[in-house]
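The sequence shown runs 1 to 122 under full-length UniProt numbering.
From the three backbone atoms N, C-alpha and C, an ideal C-beta is built for every residue, glycine too.
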Amino acid sequence: MGISCAPEIFQKRNQEKFGDIQGVLIYFDDLLIAADSIKEHDEILAKVVQRAKSLNIKFNKNKVQFRVPEVKYLGHVFNVAGMRPDPERVKAVVELKEPKNKLELQRVLGMLNYLRRFVPHF
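Quick look at the structure:
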């Protein structure tokens, strides 16, 4: 089995196609629109839709969300107030059992590391 660079290529291609549109955040096959107002959001969305149409790119209608005030994304919750950890992730950390071996300890440390930016003086 060889090394797959497909995810990196996919990221690069989406960056090439949509990365120049101000307010669009790209992570592999996800595009997020961040705007200060609904008007600005709709203007950015129109640019994305027009670009996708010109490139014959179609979006999965079951995954698209429009004008949502809050987005759970990559283990975080984003909204007008900023970013915070996903409460489900925090709950998982709170409910962790004491590690019994090195592998379990590494898992716990990884989960705690995820929260480090939200804990002062971590």
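1) If we ignore side chains and look at the alpha-carbon of each, how far apart do A81 and K53 end up?
2) Do you know offhand how far Q50's Cα is from K12's?
3) I'd like to check one pair, V71 with I44: are the Cβ atoms closer than 8 Å?
4) Give the range of the alpha helix (DSSP H) segment to which G110 is assigned.
5) For E98, name the three-state secondary structure that DSSP assigns.
6) Buried or exposed, going by whether 16 or more other CB atoms sit within 10 Å of the CB of I9?
7) Taking the alpha carbon of K17 as the point to measure from, which residue in H41, K47 and K97 has its own alpha carbon closest?
Inspection of the coordinates gives the following:
1) Taking the first residue of the sequence shown as position 1, residue 81 is located at position 81. Taking the first residue of the sequence shown as position 1, residue 53 is located at position 53. Approximately 33 Å between the Cα atoms of the pair.
2) Along the sequence shown, one-based indexing puts residue 50 at 50. Along the sequence shown, one-based indexing puts residue 12 at 12. When rounded, the distance between both Cα atoms is 20 Å.
3) As a first step, residue 44 must be located in the sequence shown, where it is residue number 44. As a first step, residue 71 must be located in the sequence shown, where it is residue number 71. In this structure, V71 does not lie closer than 8 Å to I44 by Cβ.
4) The residue given as residue 110 occupies position 110 in the sequence shown. G110 -> alpha helix (DSSP H) spans K102 to L115.
5) The residue labelled residue 98 in the question sits at position 98 within the sequence shown. Residue state, collapsed to three classes: coil.
6) As a working note, residue 9 is residue 9 in the sequence shown. The residue is exposed, with fewer than 16 neighbouring Cβ atoms inside 10 Å.
7) As a position in the sequence shown, residue 17 is number 17, starting the count at 1. Considering only alpha carbons, the answer is K47.
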